[in-house]
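Asks:
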Amino acid sequence: AQTVTQSQPEMSVQEAETVTLSCTYDTSESDYYLFWYKQPPSRQMILVIRQEAYKQQNATENRFSVNFQKAAKSFSLKISDSQLGDAAMYFCAYQGTYGGATNKLIFGTGTLLAVQP
Amino acid sequence: GAGVSQTPSNKVTEKGKYVELRCDPISGHTALYWYRQSLGQGPEFLIYFQGTGAADDSGLPNDRFFAVRPEGSVSTLKIQRTERGDSAVYLCASSFSAGWYYGYTFGSGTRLTVV
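Order-wise, the sequence lines are chains E and A. Residue 730 in the numbering used here sits at position 17 of the first sequence, with consecutive numbering throughout. Residue 76 in the numbering used here sits at position 73 of the second sequence, with consecutive numbering throughout.
#1: Out of curiosity, what's the CA-to-CA distance linking T716 (chain E) and W749 (chain E)?
#2: When we look at the beta-carbon of N816 (chain E) and count the other beta-carbons within 10 Å, is it buried (16 or more) or exposed?
#3: To which residues of the same chain is E23 (chain A) closer than 6 Å at the C-beta, ignoring the five residues directly before and after it?
#4: Work out the CA separation of C26 (chain A) and P73 (chain A) for me, nearest whole Å.
#5: When Cβ atoms are compared, which residues of the region 723-755 of chain E fall closer than 7 Å to chain A?
#6: According to DSSP, which residues form a beta bridge with I759 (chain E)?
#7: So within the region 7-48 of chain A, which uninterrupted beta strand (DSSP E) runs reach at least 3 residues, ignoring any that extend past its ends?
#8: Going by C-alpha distance, which of A:D60, A:S97, A:V118 is nearest F69 (chain A)?
#9: Report yes if the CB atom of D777 (chain E) is closer than 8 Å to the CB atom of I792 (chain E), and no otherwise.
#10: Hey, does V71 (chain A) have any beta-carbon neighbour from chain E nearer than 8 Å?
#11: Hey, how far is the Cα of R67 (chain A) from the Cα of R84 (chain A)?
#12: Could you compute how far the alpha carbon of A5 (chain A) sits from the alpha carbon of F788 (chain E)?
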């Protein structure tokens with residue numbers, strides 16, 4: 714079974730600085746998708762960035778980028794120029810491409826990011 | 004609607020009671036998922052609907068949990084004989100089709116508290 718591990722329960726960053734959130738996963742599949750979701754106090758999960766495993770190029774969305782290391786099964790999120798609005802819980806998630814059409818997401822336990830003014 | 008709507012936002016119920024949680028997905032989204040998020044944890048998959056049918060209910064923890072989507076739009080998650088361990092946030096997500104390409108839209112969840 715696939716698993717997702719986030720080893721940093723909490724992180725803190727100064728406004729305008731850069732922070733990296735870690736994520737590792739375990740799978741025997743060769744093709745899959747990885748995601749970072751943000752969950753503010755409103756509870757709604759908001760997609761931050763996604764990566765296809767077959768693409769070597771790291772995904773980038775404005776101030777958010779990933780460092781995808783397929784062999785190491787590592788998928789870290791870098792937030793540049795941190796803003797107060799970035800403060801939230803961040804979840805790493807895995808989605809396989811086999812095992813039927815469910816395409817369910819498997820989430821890690823989350824990292825709570827605080828942004829200091 | 005513009006987003007995924009979940010009602011009620013919060014629900015407090017007594018142990019042993021029956022509860023229904025509602026999810027109204029984005030119009031036209033055929034795929035609908037229910038997840039449960041316990042305190043301090045990431046969401047865990049419960050059930051997946053493609054249209055009206057439950058295509059995968061492998062995540063339902065036991066037979067006290069049941070979900071329906073009779074017309075392929077609104078879904079209701081039903082919990083019988085609630086237990087304190089059922090306390091969690093129940094999240095709903097919808098998509099044009101199962102799969103990452105279209106992206107999932109999540110609702111804001113229902114926080115269920117069993118006292």
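All C-beta atoms in this analysis are idealised placements derived from N, C-alpha and C, irrespective of residue type, glycine included.
Replies: Judging by the given coordinates:
#1: Roughly 15 Å separates the two Cα atoms.
#2: buried
#3: Hits under 6 Å: T79, K81.
#4: Here the alpha carbons of C26 (chain A) and P73 (chain A) stand approximately 12 Å from one another.
#5: Within the region 723-755 of chain E, the qualifying residues are Y746, S755.
#6: E:K751
#7: Here the runs fully enclosed are 8-10, 13-16, 22-27, 34-40.
#8: A:D60
#9: Position check: residue 777 (chain E) holds Phe in this sequence, whereas Asp was assumed. Cβ distance < 8 Å, so F777 (chain E) and I792 (chain E) count as in contact.
#10: no
#11: Taking C-alpha positions only, R67 (chain A) is separated from R84 (chain A) by approximately 7 Å.
#12: 31 Å
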